[in-house]
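Only one structure is covered here, and it is reproduced in the block below.
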Amino acid sequence: MSSAPATFYERVDKAIGSPALQAAVRNATFRMSSGRDAAVAAFPEMDVVRDHARAIRAHTIARLDHYLREFETNVQRRGGHVHWAATSEEAVAIIVAIARDHGVKTVVKGKSMVSEEIELNPGLALAGVDVLETDLGEYIVQLDDDHPSHIVMPIIHKSRQDVARLFRAKLHATDDEVADAPRMAALARRVLRKGFLQADMGISGGNFGVAATGSVCITTNEGNGRLTTSLPRLHVALMGIERIVPTLDDLGVMLQVLGRSATGQKLTVYSNVMSGPRRRGRDGGESESDGPEQFHVVLVDNGRSTLVGSDLAEILYCIRCGACLNSCPVYQQMGGHAYGSIYPGPVGAVLMPALQGLQRWHDLPQASSLCGACKEVCPVRIDIPRMLLEHRDTTTKLGLTPIWVTFGLTAFRQIAVRPALFRRAQALASWATRRLATDGWIKSLPGHMARWSKKRDFPAFASKTFQQQWEARKR
Amino acid sequence: MTDSRDSVLAAVARGVRVGTLPPDGRLEHPGAPPPLDRPSDREGMIASFTRELQKLMGTVHRVADDAQAHARVFELLEARGVGRVLAWDDQWLRPASLGPALRAKGIVVEPCWLPADGPDRTARLKSLDDVVVGITGAHGALADTGSIVVVSGPGRGRIASLMPPVHIAVIGAEQLSPTLPAFLAANPSIADVGSNVVAITGPSRTGDIEGTLVLGVHGPGDLHVIVIG
Chain A
1 MSSAPATFYE RVDKAIGSPA LQAAVRNATF RMSSGRDAAV AAFPEMDVVR
51 DHARAIRAHT IARLDHYLRE FETNVQRRGG HVHWAATSEE AVAIIVAIAR
101 DHGVKTVVKG KSMVSEEIEL NPGLALAGVD VLETDLGEYI VQLDDDHPSH
151 IVMPIIHKSR QDVARLFRAK LHATDDEVAD APRMAALARR VLRKGFLQAD
201 MGISGGNFGV AATGSVCITT NEGNGRLTTS LPRLHVALMG IERIVPTLDD
251 LGVMLQVLGR SATGQKLTVY SNVMSGPRRR GRDGGESESD GPEQFHVVLV
301 DNGRSTLVGS DLAEILYCIR CGACLNSCPV YQQMGGHAYG SIYPGPVGAV
351 LMPALQGLQR WHDLPQASSL CGACKEVCPV RIDIPRMLLE HRDTTTKLGL
401 TPIWVTFGLT AFRQIAVRPA LFRRAQALAS WATRRLATDG WIKSLPGHMA
451 RWSKKRDFPA FASKTFQQQW EARKR
Chain B
1001 MTDSRDSVLA AVARGVRVGT LPPDGRLEHP GAPPPLDRPS DREGMIASFT
1051 RELQKLMGTV HRVADDAQAH ARVFELLEAR GVGRVLAWDD QWLRPASLGP
1101 ALRAKGIVVE PCWLPADGPD RTARLKSLDD VVVGITGAHG ALADTGSIVV
1151 VSGPGRGRIA SLMPPVHIAV IGAEQLSPTL PAFLAANPSI ADVGSNVVAI
1201 TGPSRTGDIE GTLVLGVHGP GDLHVIVIG
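Going down the list, the protein sequences come from chains A and B.
According to this note's numbering, numbering within the first sequence proceeds without interruption in unit steps and concludes at 475.
According to this note's numbering, numbering within the second sequence proceeds without interruption in unit steps and concludes at 1229.
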């Protein structure tokens, strides 16, 4: 998707100018929100379990150094390897080195947002390693040289006709093979299965790392995550340093809220817990039948450690369920690509500036009405609106706010604190907006405000102000 | 290879010392998971397990004894014209007589063993790719969610419940736990049992293309759990 428009506002214009995209995103977010709401309604303990899940995350992040060390010790105790990457580049270099050391030519990959964050696939391609994405949605993204537009459902921006066209062009599929979703999925299964059988290495994400047992948990519905982590002789799990939970009991709590919040499932189909490589029998004991010969965990910092202990630490509680995307009125209108970031939606609007700076991402925290729907549905009750306001505050302090916004707000303050002036300004605004309006709506605002009215109408002010109407009513 | 272990841990530790918390922030671990009020009697659990797995398009077969379990497995194989299966070793199957009974019927029972070496491993995987049915036991099952919990080990390969498009698991009714938290509380050392613990909740599924439900996209799309007792 190299043709992505450069600025946030251009991307937004493009997204909301496409009726097909809007229909696809609205359908998908409605479907997922409804599924989530139904699952939550059917789980009487949801609020108690959410509170508990939040407390686990808060505790873990407040003691993250302790739990990271415990996790490392226990992975090693089981014969696994732990690697630490401060940056994206280091994470890619670590994985390329593992591949080189073991003569890896082909890799099968499960879904991992961190791999998108560190741009792993281009890095592996440069090193001469073939990577095959195996989640159906991610495979389609890879075939189309696209980017995921949702952290759980990567291709909600594509119709089945889009996928059919793509499979015809790239896989030379017949009409029958792309006749419907089940047949397209069957075709992808056949292609991907071949990749699984000969891959030297599997790369997965990590939904959770369990400190007490040295385990990595990934959750998938398709089973590609299990194939990725079981068939190849090497398994590399890639995860952010914040994804730790203390114990297996805690993992059980997180899984109960994750599936319900993400897709409306009580549990994701495969809740897959991996503790070290295939176990080899000692002293004549029997070895496990299968599983990877080596188990590597790559812990990625990439800006996360700077958030621990900060006003934004709460975003590290996130378990990447995507519920805040589905519930967000802004995301529902424009989808994920308009954000231009790896993590879209409300969580992305907090996380991207937090990890990579407001200089680059100061537009994202503005893409919110602060309605609070994200906080309402969050399985760990992250106060996203509070952190969006933190970002907006910092944006202003850094002088990144457009000059006309600063000027406009300063002017408004001068007027708003002077009642007589305010009344006159109201009368002027009412007169002016009613002159510009047709049937009560302004199609096109003047000057800098024109951008606001490009894709929506502005209402004319009432002829009498609230105060005037109130005074009239009292009489 | 030296990596950034120490600098990352030091940066995290600095943040931990600063320790800004959200307004409701607390430091203590919240303790044991909240209990869920679910049926814990045998019949209640079987009813819940059956209902939940059926909602997910899985199939539950309740049988009275080992002989009926054998018969049900044979029916499922015959209906699919299957002469070769991928299965756990005999001693791990429920009942243990199932493996010998399958062989006595002329069915080829492939063990789950995978070689460590690359080319041999690929050759073995390719030779197993056309097997239609995998047969396993389970370490436990979750009534509340319709899940079975499968743990890897010697003679208990991961691939039997993963590679073939049909998965038949035979379990005993006494293996049911009411919920996931109850199962974890009763099996605190489960991660020591095998390198892979997986809770399987229904057949493999995807909704990636326009939300259309498709079963069996990678893992088994046809899941049968035979419950004895």
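Note that CB positions come from ideal geometry on N, CA and C, so glycine has one too.
- prompt: What's the gap between the Cα of B/G1172 and the Cα of B/L1114?
  reply: What you label residue 1172 of chain B is simply residue 172 of the second sequence in a count that begins at 1. What you label residue 1114 of chain B is simply residue 114 of the second sequence in a count that begins at 1. Straight-line Cα distance between these residues: approximately 28 Å.
- prompt: Nearest chain A C-beta to B/A1116 closer than 9 Å, yes or no?
  reply: By 1-based counting over the second sequence, the position of residue 1116 of chain B is 116. True, the Cβ-Cβ gap to chain A drops below 9 Å.
field: Close Cβ partners of B/H1139 (< 6 Å) along its chain, the five nearest in sequence each way excluded
entry: On the second sequence, position 139 is the one that residue 1139 of chain B refers to. The beta carbon of B/H1139 sits closer than 6 Å to the beta carbons of V1149, V1151 from its chain, once the five residues preceding and following it are set aside; these are given in chain order.
- prompt: Of all the options B/W1092, B/G1134, B/A1087, B/R1158, which has the alpha carbon lying nearest to the alpha carbon of A/G291?
  reply: The count along the first sequence starts at 1 and reaches residue 291 of chain A at position 291. For A/G291, the nearest C-alpha among the options comes from B/R1158.
message: Considering just the uninterrupted stretch of the alpha helix (DSSP H) at A/T395, what are its terminal residues?
response: Indexing the first sequence from 1 puts residue 395 of chain A at position 395. Note, A/T395: alpha helix (DSSP H), 384-397.
- prompt: List, in order along the chain, the chain B residues whose C-beta lies closer than 9 Å to that of A/E286?
  reply: By 1-based counting over the first sequence, the position of residue 286 of chain A is 286. G1153, P1154, G1155, listed in chain order.
- prompt: Of all Cβ atoms in chain B, is any one closer than 9 Å to the Cβ of A/S2?
  reply: Position 2 of the first sequence, counted from the start, is the residue given in the question as residue 2 of chain A. Residue placement at A/S2 is poorly supported in this model, since its pLDDT is 39, which falls under 50; the coordinates still yield a value, given next. At a cut-off of 9 Å, the C-beta of A/S2 has no neighbouring C-beta in chain B.
- request: Answer yes or no: does any C-beta atom of chain B fall closer than 9 Å to that of A/T263?
  value: As a working mapping, residue 263 of chain A is identified with position 263 in the first sequence. It does; some Cβ of chain B falls within 9 Å.
query: What are the boundary residues of the alpha helix (DSSP H) that includes A/N326?
result: Locating residue 326 of chain A in the first sequence gives position 326, counting from the first residue. Counting along the chain, the alpha helix (DSSP H) containing A/N326 begins and ends at 323-327.
query: Count the other CB atoms within 10 Å of the CB of B/P1205; is the residue buried (16 or more) or exposed (fewer)?
result: As a working note, residue 1205 of chain B is residue 205 in the second sequence. The sequence shown places Arg at residue 1205 of chain B, rather than the Pro named in the question. Buried: at least 16 other Cβ atoms inside 10 Å.
message: Only counting the same chain, and skipping five residues up and downstream in sequence, which positions put a Cβ closer than 6 Å to that of A/R78?
response: Here the question's residue 78 of chain A lines up with position 78 in the first sequence. Counting only Cβ-Cβ distances below 6 Å, and skipping sequence neighbours, we find G214, S275, G276.
task: Identify, in the order they occur along the chain, each residue of the same chain with its Cβ nearer than 8 Å to the Cβ of A/R381, setting aside the five sequence neighbours on each side.
output: As a working note, residue 381 of chain A is residue 381 in the first sequence. Cβ neighbours of A/R381 within its own chain (closer than 8 Å, five residues either side excluded): R50, D51, R54, K375.
- prompt: Exposed or buried, which one is B/G1195 when buried takes at least 16 other CB atoms within 10 Å?
  reply: Position 195 of the second sequence holds residue 1195 of chain B. One point to set straight first is that residue 1195 of chain B is Ser, not Gly, in the sequence displayed. The residue is buried, with at least 16 neighbouring Cβ atoms inside 10 Å.
- request: Could you tell me the boundaries of the alpha helix (DSSP H) in which A/I415 lies?
  value: Along the first sequence, one-based indexing puts residue 415 of chain A at 415. From DSSP, the alpha helix (DSSP H) with A/I415 extends over 403-416.
message: Does A/G281 come out as helix, strand or coil in the three-state DSSP assignment?
response: Numbered from 1 along the first sequence, position 281 holds the residue referred to as residue 281 of chain A. In this structure, A/G281 counts as coil in the three-state DSSP scheme.
- prompt: Leaving out the 5 sequence neighbours to the left and right, which residues in its chain are closer than 6 Å to A/Y331 when beta-carbon positions are compared?
  reply: For the purposes of this step, residue 331 of chain A is taken as residue 331 along the first sequence, with counting starting at 1. Answer for A/Y331: L325, G345, listed in chain order.
- prompt: Looking at A/P154 and A/G128, is the spacing between their C-beta atoms short of 9 Å?
  reply: Taking the first sequence and counting its residues from 1, the one referred to as residue 128 of chain A is at position 128. Taking the first sequence and counting its residues from 1, the one referred to as residue 154 of chain A is at position 154. No, the pair does not count as a contact, with Cβ atoms beyond the cut-off.
- request: Check the Cβ-Cβ distances between B/R1005 and every residue of chain A, and say whether any is below 9 Å.
  value: As a first step, residue 1005 of chain B is located in the second sequence; it is residue number 5 there, counting from the start. Interface residue (Cβ-Cβ distance to chain A less than 9 Å): B/R1005 is classified as such.
field: Beta-ladder partner(s) of A/Y270, from DSSP
entry: Position 270 of the first sequence, counted from the start, is the residue given in the question as residue 270 of chain A. Note: A/Y270 sits in a beta bridge opposite A/T220, B/I1200.
field: Proximity test, Cβ basis, 9 Å: B/S1177 and chain A
entry: Indexing the second sequence from 1 puts residue 1177 of chain B at position 177. Output row for B/S1177: interface = no.
- prompt: Is there at least one Cβ from chain B nearer than 9 Å to A/H59's Cβ?
  reply: For the purposes of this step, residue 59 of chain A is identified with residue 59 of the first sequence, where counting begins at 1. Using a CB distance cut-off of 9 Å, A/H59 counts as an interface residue toward chain B.
field: A/H391 beta carbon less than 9 Å from that of A/A349
entry: Counting from one through the first sequence, the residue named residue 349 of chain A turns up at place 349. Counting from one through the first sequence, the residue named residue 391 of chain A turns up at place 391. In this structure, the beta-carbon distance from A/A349 to A/H391 falls below 9 Å.
message: Once the 5 residues before and after B/M1045 are set aside, which same chain residues still bring their CB inside 7 Å of it?
response: Reading the second sequence from its first residue, position 45 is the one you call residue 1045 of chain B. Counting only Cβ-Cβ distances below 7 Å, and skipping sequence neighbours, we find P1039, A1143, L1176, P1178.
- prompt: What's the C-alpha gap between A/Y67 and A/N121?
  reply: Along the first sequence, one-based indexing puts residue 67 of chain A at 67. Along the first sequence, one-based indexing puts residue 121 of chain A at 121. One C-alpha to the other measures close to 30 Å.
field: Outcome for A/V405 when other beta-carbon atoms lying within 10 angstroms are tallied against a minimum of 16
entry: Translated into positions along the first sequence, residue 405 of chain A becomes position 405. So A/V405 ends up on the exposed side.
message: Less than 9 Å between the C-beta atoms of A/L234 and B/D1129, yes or no?
response: Numbered from its first residue, the first sequence carries residue 234 of chain A at position 234. Numbered from its first residue, the second sequence carries residue 1129 of chain B at position 129. In this structure, A/L234 sits away from B/D1129, with a CB-CB distance that is not shorter than 9 Å.
Where A/S3 sits in the DSSP three-state scheme: Taking the first residue of the first sequence as position 1, residue 3 of chain A is located at position 3. Bear in mind that a pLDDT of 47 at A/S3, under 50, signals an unreliable position, so the number given afterwards is only what the model happens to contain. In the structure shown, A/S3 sits in coil (DSSP, three-state: anything other than H, G, I, E or B).
query: Which chain A residues sit within Cβ distance under 9 Å of B/P1105?
result: Translated into the one-based positions of the second sequence, residue 1105 of chain B becomes position 105. Strictly speaking, residue 1105 of chain B in this sequence is Lys, with Pro absent from that position. Correct list: empty, because the minimum Cβ distance to chain A is about 23 Å.
Chain B within 9 Å of A/T87, Cβ atoms only: Indexing the first sequence from 1 puts residue 87 of chain A at position 87. Under the Cβ distance rule, A/T87 counts among the residues neighbouring chain B, one pair being separated by less than 9 Å.
query: When you compare only the Cα positions, how much space is there between A/R434 and A/A373?
result: The residue given as residue 434 of chain A occupies position 434 in the first sequence. The residue given as residue 373 of chain A occupies position 373 in the first sequence. Between A/R434 and A/A373, the C-alpha separation is close to 33 Å.
field: Neighbourhood of A/E242 by C-beta distance below 6 Å, restricted to the same chain and skipping five residues each side
entry: For the purposes of this step, residue 242 of chain A is taken as residue 242 along the first sequence, with counting starting at 1. Taken in chain order, the residues that qualify are R304, L316.
- prompt: Using a Cβ-Cβ cut-off of 7 Å (strictly less than) and excluding sequence neighbours within five positions of A/S444, which residues of its own chain qualify?
  reply: Taking the first sequence and counting its residues from 1, the one referred to as residue 444 of chain A is at position 444. Hits under 7 Å: A450, S453.
Collapsed DSSP secondary structure at A/L68 in the structure displayed: Here residue 68 of chain A refers to the residue found at position 68 when the first sequence is read from its first residue. In the three-state reduction of the DSSP assignment, A/L68 falls in the helix class.
message: Please tell me whether, using a cut-off of 8 Å, the distance from the CB of B/D1117 to the nearest non-hydrogen atom of the ligand FMN is below it.
response: As presented, the structure is devoid of all ligands, the ligand FMN included, so that no description of it is given.
message: Short of 8 Å Cβ to Cβ, which residues in the segment 432-444 of chain A face chain B?
response: The residues in question: there are none.
message: Does chain B have any CB closer than 9 Å to the CB of A/P385?
response: For the purposes of this step, residue 385 of chain A is taken as the residue at position 385 of the first sequence. The beta carbon of A/P385 does not come within 9 Å of any beta carbon belonging to chain B, so the residue lies off that interface.
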